[in-house]
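*Asks:* Pasting a structure here, questions to come.
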Amino acid sequence: MDYQCIIVYTVINISPPRLAGPAEELTGGCITWFKNRIKRAIALYLEAIKLTPNNGIMHGNLACMYYKQGLLDLAIKTYRRAIELQPNFPDAYCNLANALKEKGNVTEAEQCYNAALSLCPSHVDTLNNLGNVKREQGNIKEAIRLYDKALEVFPNFAAAHSNLASLFQQQGKLPEALIHYKQAINIQPRFADAYSNMGNTLREMKDVAGALVCFKKAIQINPSFADAHCNLGSIYKDVEDIRDLKVIEYKRALKGSIESDLIEVSVKEINIPSINTDTFTDDRQTQISVDGVMIQNGLSMDKIDKAVANGEKIFDNIVFTSRKQYGLPNDAVVYCNFNQLYKTDPRTMEMWVHILKEVPNSVLWLLSFPEEGEPHIQKYATILGLPPGRIKFSKIACKEEHVRRGQIADICLDTPLCNGHTTTMDILWGGTPVVTLPGETLASRVAASQLYALGCPELIANSRKEYQELAIKLGNNVEYRQYMQAKVSLARMNSTLFDCDKYVIKMERLYEKMWQRYEQGEATDHIQTL
C-alpha cells in the first residue's frame with residue numbers, strides 16, 4: 001500500500017490539470033501492477049495511451065507488462081515506440097536490450113545497453129546486464145569492470161554482488177566469491193540464487209556443512225528451485241552418513257505412501273548410481289514394478305517385473321518404449337564429456353586420446369567431478385603420449401549453464417561403459433552431436449536409444465574402431481560436422497525424443513496395458529502396440 005500511495009502522489013503531482021484523467025489511468029495501471037494483475041494493468045495502460053498517445057513513459061511501462069507476460073515481440077515493438085517518443089530514455093533502452101537478449105539478438109541488445117549508458121553512464125541495471133553479456137562472451141576483464149562500476153554507483157546492488165561472485169567462482173577465486181555472495185544475501189536475505197551459488201562455493205572449499213545450510217535455505221525460500229534440490233541431493237549422495245540417514249527416512253515415507261495410496265504400478269526411474277534403488281520394490285509392496293529408462297544399475301534385479309526400453313535391443317521381460325571464459329581455444333575443435341569421471345575407464349581414455357591425436361587442433365573438455373579424478377585423467381593421457389593442454393577441466397555448474405556449455409562444444413564423446421543419460425539429453429537439446437558406442441548393459445545403451453528416437457542413428461558406432469573413426473570424421477570434416485549439428489538441432493523439434501506430451505500419453509497407456517495383462521493372468525511378454 002505504501003508503494004501505491006507513492007505512485008498516486010507522484011503521478012497526480014507531476015501531471016498538469018489537463019492530464020488529470022490520464023494521470024488517474026496511469027495511477028490505476030501502476031497500482032494494478034503492484035497487485036500483479038498484469039492483464040488488467042495492460043488494459044489500463046492502453047486506456048491511458050489513448051488519452052496521451054505520445055507519452056513515452058506510458059509506452060515503456062506497457063512494454064514492461066508485455067515483457068512480464070513473455071510477449072517479447074510486442075514488448076520490443078512497444079519499447080521501440082517509447083524510445084521514438086522519448087529518445088533520452090535510458091530505462092527503455094535497457095529494457096529493450098533485455099528483451100532483445102532474451103530473443104537471442106545479443107548484438108543489438110549490446111548496442112541498446114551502450115545507448116542507455118551514453119545517456120546515463122551510472123545506470124546500474126544496464127551496467128550489470130551489460131556485464132552479463134560480456135561475461136557470456138568470455139570478456140571477463142570487461143565484465144568485472146562493469147560489475148565494479150555498478151557497485152560503485154550502488155553498493156547495495158545485490159544482483160551485481162552475486163554476478164561478480166559467480167564470476168570469481170568460475171575463476172577459482174573462492175574467498176572473493178564468498179565475500180560477494182554474503183554481501184548479496186545481507187542486502188537481499190531472500191536471494192535464493194545467491195544462497196545456492198554460495199553453497200556450491202562452500203562445497204568447493206570443502207565446507208560441506210556450510211554448503212548444506214545454504215542449499216536448504218535456498219529451498220526454504222524457493223521450494224521449486226530445482227538446482228538447489230539437485231545440489232542438496234548431490235551432497236547427500238557424497239556424504240555417507242547423511243545419505244544413509246536420508247535414504248532410510250525416504251524409504252520409510254515411500255513405503256507408507258505406497259500402502260496408503262494403494263499404488264498398483266510403481267516406476268523405478270532414478271539417475272543416482274550410488275544409491276540403492278531397491279526402495280521401489282522392497283517387500284513387494286505393489287502388484288507391478290517397472291524399471292524406468294534412466295537406471296544405471298542394469299537389469300539384474302530380481303524384484304523388477306518389467307523394464308522399459310526402446311526397440312533397438314530386447315531382453316526377455318522388457319517392454320518397448322530415449323561446448324574463452326572456460327579457457328577453451330576459439331579456433332579448436334572442442335570435444336566434450338560432462339559425465340562424472342567414474343564413467344571414464346582406461347579403454348575409453350585410450351579412444352579419446354587417439355581421437356585427439358588424429359584431430360590436431362582439438363581439445364577434450366571434461367568436468368572436474370570429482371576433482372580428485374582430474375590428476376589421474378591427466379596422468380594417464382600423458383602416459384598415452386598426449387601433449388599437455390589438450391584436456392581442459394571445468395567445475396560443475398547449474399543446469400542453465402550446463403546446457404549452455406554443451407552448446408559451445410562441437411562434439412560430445414559418450415562414455416561407452418556407462419552412458420550419459422540425462423547429460424546426453426541436455427547435450428542433444430543444445431544441438432551438439434553425441435557419438436556413442438552401446439555395450440551389453442542397459443546403462444551402456446541409453447544414449448543409443450536417445451539417438452534412435454532423435455532420428456540420428458548414424459551417430460551410433462558398432463565398434464571401438466567405428467567410434468574413433470566417426471569422432472575423427474566429425475572433427476576433421478567441417479562440412480559433415482556442421483551438417484550433423486544442423487540435423488541434431490532440427491530434430492529436437494521434430495522427433496519423439498523431446499515430445500513430452502506424447503511420451504506421457506504413451507507411458508500411461510503402457511501402464512494401463514500392463515495392468516490389464518496382470519488382471520487377466522497373462523504371462524509377461526513384450527508390449528509392442530499401445
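1 is the number of the first residue of the sequence shown in UniProt numbering; add one for each residue after it.
We treat Cβ as the ideally placed atom computed from N, Cα and C, and that holds for glycine.
It should be emphasised that the depicted structure is a prediction, and the values quoted were computed from it without experimental measurement.
#1: Taking the alpha-carbon of residue 486 as reference, which of 121, 463, 433 has the nearest alpha-carbon?
#2: Where do the N-terminal and C-terminal ends of the beta strand (DSSP E) with residue 336 fall, by residue?
#3: What is the rounded straight-line gap between the Cα of residue 46 and the Cα of residue 95?
#4: Could you give the distance in angstroms between the alpha-carbon of residue 510 and the alpha-carbon of residue 93?
#5: Measuring CA to CA, which of 444, 360, 165, 351 is closest to residue 380?
#6: Residue 392 by DSSP, collapsed to three states: which one?
#7: Between the C-alpha atoms of residue 168 and residue 91, what's the straight-line distance to the nearest angstrom?
#8: If you draw a straight line from the alpha carbon of residue 512 to that of residue 234, how long is it in whole angstroms?
#9: Taking DSSP's pairing of strands, which residues face residue 364 in a bridge?
#10: Return the CA-CA distance between residue 67 and residue 128, expressed in angstroms with no decimal places.
#11: Could you name the residues that DSSP lists as bridge partners for residue 436?
#12: Please name the residue or residues paired with residue 412 in a DSSP beta bridge.
#13: Once the 5 residues before and after residue 313 are set aside, which same chain residues still bring their CB inside 7 Å of it?
#14: So residue 354 and residue 468 are supposed to be a Cβ contact under 8 Å. How far apart are they, rounded?
#15: Could you give the residue range of the alpha helix (DSSP H) that holds residue 501?
#16: Consult DSSP for residue 97 and reduce its assignment to one of helix, strand or coil.
#17: Short check: CB of residue 101 to CB of residue 133, under 8 Å?
#18: Below 8 Å on the Cβ atoms is my contact criterion, and I expect residue 112 with residue 97 to pass it. Report the Cβ-Cβ distance as a whole number of Å.
#19: Distance check for residue 221 and residue 490, CA to CA, integer angstroms please.
#20: Considering Cα atoms alone, identify which of 438, 407, 401, 395 is closest to residue 414.
#21: Using the Cβ count rule (16 or more neighbours within 10 Å means buried), how would you classify residue 501?
*Replies:* For this structure:
#1: Against the sequence shown, residue 486 aligns to sequence position 486. Nearest of 121, 463, 433 to residue 486, Cα basis: 433.
#2: Working through the sequence shown from its first residue, we reach residue 336 at position 336. Per DSSP, residue 336 belongs to the beta strand (DSSP E) from 333-337.
#3: As a working note, residue 46 is residue 46 in the sequence shown. As a working note, residue 95 is residue 95 in the sequence shown. The straight-line gap from Cα to Cα measures roughly 19 Å.
#4: As a working mapping, residue 510 is identified with position 510 in the sequence shown. As a working mapping, residue 93 is identified with position 93 in the sequence shown. Approximately 52 Å, taken between the alpha carbons.
#5: Stepping through the sequence shown from its first residue, residue 380 is reached at position 380. Of the listed residues, the one whose Cα sits closest to residue 380 is 351.
#6: Taking the sequence shown and counting its residues from 1, one reaches residue 392 at position 392. Strand.
#7: In the sequence shown, the residue the question calls residue 168 occupies position 168. In the sequence shown, the residue the question calls residue 91 occupies position 91. So the alpha carbons of these two residues sit roughly 28 Å apart.
#8: Walking along the sequence shown from the start, residue 512 turns up at place 512. Walking along the sequence shown from the start, residue 234 turns up at place 234. Answer to the nearest angstrom: the Cα atoms are 34 Å apart.
#9: Position 364 of the sequence shown, counted from the first residue, corresponds to residue 364. Residue 364 is bridged to 335, 391.
#10: Taking the sequence shown and counting its residues from 1, one reaches residue 67 at position 67. Taking the sequence shown and counting its residues from 1, one reaches residue 128 at position 128. Rounded to the nearest angstrom, the two C-alpha atoms are 19 Å apart.
#11: As a first step, residue 436 is located in the sequence shown; it is residue number 436 there, counting from the start. Residue 436 pairs with 460.
#12: Here the question's residue 412 lines up with position 412 in the sequence shown. Residue 412 pairs with 336, 434.
#13: Looking up residue 313 in the sequence shown gives position 313. Note that residue 313 scores 48 on pLDDT, short of 50, meaning its location in the model is unreliable; the coordinates nonetheless yield the value given after this. 445.
#14: Here residue 354 refers to the residue found at position 354 when the sequence shown is read from its first residue. Here residue 468 refers to the residue found at position 468 when the sequence shown is read from its first residue. So it is a contact: roughly 6 Å between Cβ atoms.
#15: Indexing the sequence shown from 1 puts residue 501 at position 501. Run containing residue 501: 500-519, per the alpha helix (DSSP H) assignment.
#16: Along the sequence shown, one-based indexing puts residue 97 at 97. Three-state DSSP puts residue 97 in a helix.
#17: For the purposes of this step, residue 101 is identified with residue 101 of the sequence shown, where counting begins at 1. For the purposes of this step, residue 133 is identified with residue 133 of the sequence shown, where counting begins at 1. Cβ distance < 8 Å, so residue 101 and residue 133 count as in contact.
#18: The sequence position of residue 112 within the sequence shown is 112, counting from 1. The sequence position of residue 97 within the sequence shown is 97, counting from 1. Correct: roughly 4 Å between the Cβ atoms.
#19: Numbered from 1 along the sequence shown, position 490 holds the residue referred to as residue 490. Numbered from 1 along the sequence shown, position 221 holds the residue referred to as residue 221. Answer to the nearest angstrom: the Cα atoms are 38 Å apart.
#20: For the purposes of this step, residue 414 is identified with residue 414 of the sequence shown, where counting begins at 1. Here the closest residue by C-alpha is 438.
#21: Mapped onto the sequence shown, residue 501 falls at position 501. Residue 501 should be labelled exposed.
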